[in-house]
Amino acid sequence: MFKLEIYNADTQEMIREKTYKKADLIEWFIDSALSGKECVLFDDQLRTLKGTYVNHVVTYNGMTKVYKIYFNYRLSEIQARIAKLV
């Protein structure tokens, strides 16, 4: 398993955590952030954030590879609409 943890670089507060079966999406996300592009992020309340990559660290928690990515971010002016499941 692979875990993505997104942190506020200033406060070290985790803003989102997601587990994946494969690392390809996480690695694509890191590559995109490293290229200097502003990233669109979502916190646990599904608010839309705009973030600038600061750094990342890869660790292991048992058999799970954990990617901790640190961003400076702000609340986006435009918020995504969240569809309600019926």
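Just so you know, we're using the working numbering here: the sequence shown kicks off at 7 and counts up by one.
Yeah, the Cβ is synthetic: ideal placement off N, Cα and C, and Gly gets one too.
Simplified DSSP assignment, three categories, for residue i
i	result
L52	coil
I36	helix
Selection from the options that minimises the alpha carbon distance to residue i
i	options	result
V63	S41, R87, S82, I75	I75
K55	A39, V72, S82, F35	The sequence shown places Leu at residue 55, rather than the Lys named in the question. Closest by alpha carbon: S82.
Y13	L40, D50, R87	D50
L40	F48, G57, L52	G57
A15	V60, K27, R53	V60
F95	I36, K71, S38	With the chain represented from 7 up to 92, any question about residue 95 goes unanswered, as that position is not in the structure.
Residue i vs residue j beta-carbon contact at 9 Å
i	j	result
L10	E19	no
I21	L52	no
Y73	I36	yes
For residue i, the first and last residue of its enclosing beta strand (DSSP E)
i	result
E23	20-26
T17	No beta strand (DSSP E) holds T17; DSSP gives it neither H nor E.
I75	70-81
task: Indicate whether the contact test is met: 3 or more Cβ pairs, each with one atom in the region 25-32 and one in the region 51-66, closer than 8 Å.
output: With fewer than three CB-CB distances shorter than 8 Å, the region 25-32 does not count as touching the region 51-66.
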